[in-house]
Structures are given as structure tokens and as C-alpha cells.
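*Asks:*
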Amino acid sequence: MEQANANEQSILMAKGNEKAPSQRETLLIVDDEAAIRKLLRQKLSREGYRCEEANNAEQALNTLETSPIALVILDIKMPDKSGVELLPEIKSGYPDTAVIMATAISDMNVAIQCLKQGADDYICKPFNLEELSLAIQKALEKRHLQFEIREYQQYLEEKVEEQTGEIRKLFLGSIEALVSALEAKDKYTGGHSRRVTEIALALGNELGLSAQDMEDLRWGSLLHDIGKIAIDQIIQNKPGKLTREEYEHIMTHAHVGAEIVRPVVDEKITEMIEHHHDHYDGNGLHQVIAGSDIPLGARILAVADAFDAMISDRPYRSALPITDIVEEIKRCAGTQFDPVVVTAFLKTVGMTK
Ligand SMILES: [Fe+2]
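Numbering (this note's numbering), first residue to last: 160 to 512.
Structure representation (C-alpha cells):
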């Protein structure tokens with residue numbers, strides 16, 4: 160906490176230091192009268208500002224496009240496009256640029272309208288140069304303050320995101336530990352989720368998944384069977400053939416698992432867990448989607464999960480030889496498994512040329 164406060168303070172101090180030399184900033188004087196532009200440039204240059212000039216709206220927009228303008232002094236009455244028409248374009252294209260409207264006394268209502276449309280201030284012609292100078296200073300200070308507030312907000316948002324990430328990591332780590340503990344209780348499933356994760360990541364790698372998708376796949380794989388916490392152990396370890404009801408009961412673990420992790424993980428991971436027993440051809444139990452509608456992570460998990468199940472002893476059979484497993488996975492390409500994932504699997508286990 161102290162560290163956080165120190166960081167916050169250093170950010171504010173750093174910004175405070177940036178704020179002082181506002182004279183370094185560039186101003187744009189937009190006025191169709193050359194004499195007025197000259198007068199303003201002389202005064203403002205003496206105060207240390209850099210000055211650009213434009214004699215119409217088009218020139219003003221060109222200058223804004225090419226130079227970092229902190230503030231525009233915008234004449235309301237100009238031939239072609241008026242300052243009133245140009246103001247919304249400046250505000251939408253360059254929201255960080257302050258605008259001071261320059262107006263004749265008779266334009267006061269228009270000036271007030273401009274303030275409503277986002278102008279920072281207005282000054283009346285003929286100019287009182289000291290008043291103008293103060294108005295510029297005030298508008299630039301307000302602009303700095305807005306930058307500071309925005310940066311501080313960003314800093315806070317990053318902090319919250321960082322801490323949310325930490326909490327999420329801790330939570331997922333705890334669930335992972337719980338999965339390992341659950342699996343360790345059972346001699347048939349000990350280490351299953353870890354092995355499935357290794358296989359799934361190898362397949363993901365072969366399929367060229369992005370770093371983010373690989374991270375999601377890692378969590379989806381580690382947690383895919385968390386729903387087994389709700390499954391009757393006697394049914395799960397039954398040595399003989401399962402009845403339809405028993406099979407249906409076991410298969411609820413996919414949905415239960417998705418619901419357990421839903422509050423803390425991305426939708427992608429939840430979906431992966433929810434669909435990890437879906438068949439590619441749509442013929443799995445109570446399945447609602449098929450083919451490429453099944454999330455890729457779930458299609459990868461299906462192959463990795465089946466591979467690890469077949470390579471391990473089960474209460475009702477011994478581990479199968481690798482050649483039989485490969486044949487079985489090949490046989491199920493296009494029905495239970497996504498053929499693309501099966502191809503990646505065959506490459507991974509070195510079974511293709
Ligand atoms: Fe499962």
C-alpha cells in the first residue's frame with residue numbers, strides 16, 4: 160500500500176514538473192486578418208509560446224494535422240467556413256486541443272453557444288492582450304489538469320487490472336491444487352489433468368495457437384475435470400460397464416466444472432470446459448453444437464483427454480498400447496474428433512511422414 164502511494168505521488172510529482180513550462184507549447188492563431196495574426200504572434204512569442212498561423216479553416220486543419228497544437232485561438236467570423244463551423248471539427252478530431260474563440264461584442268450569443276460546444280473560453284475583439292494571455296494560461300492549465308486526471312485514471316485502472324489478475328491467478332492456483340488433490344485420491348486418475356495439459360499444449364503448439372490462446376488452453380486443460388468434484392466416486396470407479404444413468408451422471412461434470420470456474424475465468428475457458436466431451440459430428444451426449452462451432456480448445460482437449468485416458472489404467476481395463484491408441488484416435492477423426500486436431504496429434508506423436 161505504501162509502495163502504491165509512493166508510486167501515485169511520484170506520478171503526480173512528475174506531472175507537476177511537466178506542467179510549469181507551458182510556454183513551450185504551440186498555439187495556432189486562426190484569423191483571416193493578417194494584422195491581427197501578426198499582433199497576436201508578437202505578443203505570444205514574447206511570452207515564449209511557439210506560434211503557427213492560419214488564415215482560414217482549411218489551413219487551420221492542415222496545421223492541426225501536421226503539428227502538435229496545444230491551443231487554437233479561433234476567429235468566429237471568417238469567409239468560407241466560420242470559426243463556429245470549424246469548432247466541432249477541431250473538437251472531434253483533436254479533443255486534447257484547447258480552443259479559445261475570438262469574437263466581436265455583437266457575437267456574444269454565438270460565443271456562449273461555442274462554449275456549449277466545447278470551446279474552453281472566448282475573448283472579445285478588440286483584444287485586451289493581457290486578458291488574452293490570462294485566458295490562454297487558464298485554458299492550458301485546464302488541459303494539463305485533464306491530462307493528469309486521465310493518466311492517473313489509467314494508472315489506477317492498470318493497478319486494478321494487475322491486482323484482479325493476481326487474485327485470479329491465486330484462485331485458479333487453488334482450484335488447480337484442489338484438482339490435483341482430488342486426482343491423487345484416485346490411483347487411476349492421479350496426474351490426469353497435468354498430463355492432459357501437456358498433451359493439449361503440444362497440440363495447440365502444432366496448430367499454431369496464439370500466446371493468449373495457449374494460456375487459455377493451459378487453464379482449460381488444468382481445470383477441465385474440476386466438475387468431477389460433484390461426481391459420485393463409487394460410480395466413477397465402477398469396474399464394470401456403466402448404466403445409461405450412471406454415464407449421464409458422470410458426464411454432468413463438464414457442465415458443473417464450467418459453472419464452478421465461470422465467475423473467475425474468461426468465457427473462452429468456461430466454454431472449453433463445458434464442451435470438452437462434445438463429439439465433432441454432434442453425436443455426443445445432450446450436445447447442442449457441432450463441428451467448428453465447438454470451441455477449438457474443447458476439440459483439442461477432447462483428443463488430449465481421450466489419449467491420456469487410453470494410455471492409463473482404468474478400473475475396467477488396462478492401459479492400451481500406443482499403436483492401438485493412435486489407431487483408435489485415427490478411426491474417430493471426423494466423428495468424435497476434429498480431423499484437423501487428429502492430424503496435429505499424429506504429427507505430435509510422430510505418426511505421420
Ligand atoms: Fe472430462
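All residues carry an ideal CB built from backbone N, CA and C; glycine is no exception.
Would arginine 458 and valine 424 be called neighbours here (beta carbons separated by less than 8 Å)?
*Replies:* Contact: no.
*Asks:* Alpha carbons only, please: which of Thr262, Asn364, Lys284 is nearest the one belonging to leucine 274?
*Replies:* Answer by Cα proximity: Thr262.
*Asks:* So glutamate 206 packs on threonine 222, CB below 8 Å; how close in whole Å?
*Replies:* No, glutamate 206 and threonine 222 are not in contact; Cβ-Cβ is about 20 Å, not under 8 Å.
*Asks:* Can you give me the Cβ contacts of histidine 414 inside the same chain, cut-off strictly under 8 Å, excluding the 5 residues immediately before and after it?
*Replies:* Excluding residues within five positions, the ones whose Cβ falls inside 8 Å are Gly386, Glu433.
*Asks:* Can you tell me which of the three DSSP states serine 169 falls into?
*Replies:* Reliability fails at serine 169, whose pLDDT of 44 lies under 50, so the model's placement of it is uncertain and the value that follows must be treated cautiously. In the structure shown, serine 169 sits in a helix (DSSP, three-state: H, G or I).
*Asks:* Ligand 1 heavy atoms versus the CB of aspartate 464: any closer than 7 Å?
*Replies:* Yes - ligand 1 has a heavy atom lying nearer than 7 Å to the Cβ of aspartate 464.
*Asks:* Three or more C-beta pairs closer than 8 Å, one from the region 188-198 and one from the region 224-233: is that the case here?
*Replies:* Result yes; three or more Cβ-Cβ pairs closer than 8 Å.
*Asks:* Would glycine 175 be called buried (16 or more neighbouring beta carbons within 10 Å of its own) or exposed?
*Replies:* With a pLDDT of 41 at glycine 175, under the threshold of 50, the modelled position of that residue is not reliable, and no figure is offered here.
*Asks:* Tell me whether tyrosine 314 sits in a helix, a strand or coil according to DSSP, three-state version.
*Replies:* The answer is helix: DSSP assigns tyrosine 314 an H, G or I state.
*Asks:* Assuming leucine 246 contacts alanine 278 under a Cβ cut-off of 8 Å, what Cβ separation, rounded to an integer in Å, is found between them?
*Replies:* Right, the Cβ-Cβ distance comes to about 6 Å (below 8 Å), so this counts as a contact.
*Asks:* Verify the contact flag: histidine 383, CB atom, against every heavy atom of ligand 1, threshold strictly below 7 Å.
*Replies:* Flag set: Cβ of histidine 383 near ligand 1.
*Asks:* Compute the minimum distance between the beta carbon of histidine 438 and the heavy atoms of ligand 1, and state whether it is under 7 Å.
*Replies:* Because no heavy atom of ligand 1 lies under 7 Å away, the Cβ of histidine 438 does not count as near it: no.
*Asks:* Quick one: give me the first and last residue of the beta strand (DSSP E) that tyrosine 281 is part of.
*Replies:* First-last of the beta strand (DSSP E) with tyrosine 281: 280-284.
*Asks:* As a quick exercise: from Ile428, Asp345, Thr411, pick the residue whose alpha carbon is nearest that of aspartate 372.
*Replies:* Comparing Cα-Cα distances from aspartate 372 to each of Ile428, Asp345, Thr411, the minimum goes to Ile428.
*Asks:* Given a threshold of 16 other Cβ atoms within 10 Å of its Cβ, counted over all protein chains shown, does methionine 267 qualify as buried or as exposed?
*Replies:* That one is exposed.
*Asks:* Out of Asp239, Ile488, Ser333, which has the shortest C-alpha to C-alpha gap to isoleucine 419?
*Replies:* For the residues Asp239, Ile488, Ser333, the minimum Cα distance to isoleucine 419 belongs to Ser333.
*Asks:* Comparing the CB of alanine 359 with every heavy atom of ligand 1, is any distance shorter than 7 Å?
*Replies:* Outside the cutoff, so no.
*Asks:* So who's on the other strand from methionine 410, going by DSSP bridges?
*Replies:* Partner(s): none; methionine 410 has no beta bridge.
*Asks:* Do glutamate 224 and tyrosine 208 have their CB atoms nearer than 8 Å?
*Replies:* For glutamate 224 and tyrosine 208, no; Cβs fall outside 8 Å.
*Asks:* Pick out the complete alpha helix (DSSP H) segments inside the region 403-477, 4 residues or longer, and give them in chain order.
*Replies:* Counting only runs of 4 or more, we get 403-420, 426-433, 455-470.
*Asks:* Below 8 Å between beta carbons: does that hold for leucine 299 and alanine 229?
*Replies:* Yes, these two residues count as a Cβ contact at 8 Å.
*Asks:* Buried or exposed for arginine 403, going by 16 or more other Cβ atoms inside 10 Å?
*Replies:* Exposed, by the Cβ-count rule.
*Asks:* Sort Pro422, Tyr475, Glu486, Met431 by Cα distance to glycine 399 and report the nearest one.
*Replies:* Answer by Cα proximity: Tyr475.
*Asks:* Whole-angstrom Cβ separation of glycine 456 and aspartate 375, contact assumed at under 8 Å?
*Replies:* Going by Cβ atoms, the distance from glycine 456 to aspartate 375 rounds to 6 Å, so yes, they are a contact pair.
*Asks:* At the level of alpha carbons, what is the spacing between phenylalanine 306 and leucine 293?
*Replies:* Cα to Cα, the separation comes out at about 20 Å.
*Asks:* Which whole-angstrom value describes the C-beta separation of histidine 435 and alanine 461, a residue pair presumed to lie in contact below a C-beta threshold of 8 Å?
*Replies:* Indeed, because the Cβ distance is near 6 Å, the residues count as touching under 8 Å.
*Asks:* Could you tell me which residues DSSP pairs with leucine 230 in its beta bridges?
*Replies:* Answer is Leu186, Ala257.
*Asks:* Check whether the Cβ of histidine 414 sits closer than 7 Å to any heavy atom of ligand 1, and report yes or no.
*Replies:* No, Cβ of histidine 414 sits at least 7 Å from all heavy atoms of ligand 1.
*Asks:* With DSSP as the reference, label cysteine 273 as helix, strand or coil.
*Replies:* Three-state DSSP puts cysteine 273 in a helix.
*Asks:* Within this structure, are the beta carbons of threonine 507 and leucine 362 separated by less than 8 Å?
*Replies:* In contact: threonine 507 and leucine 362 (Cβ atoms closer than 8 Å).
*Asks:* If we ignore side chains and look at the alpha-carbon of each, how far apart do leucine 368 and leucine 337 end up?
*Replies:* About 28 Å.
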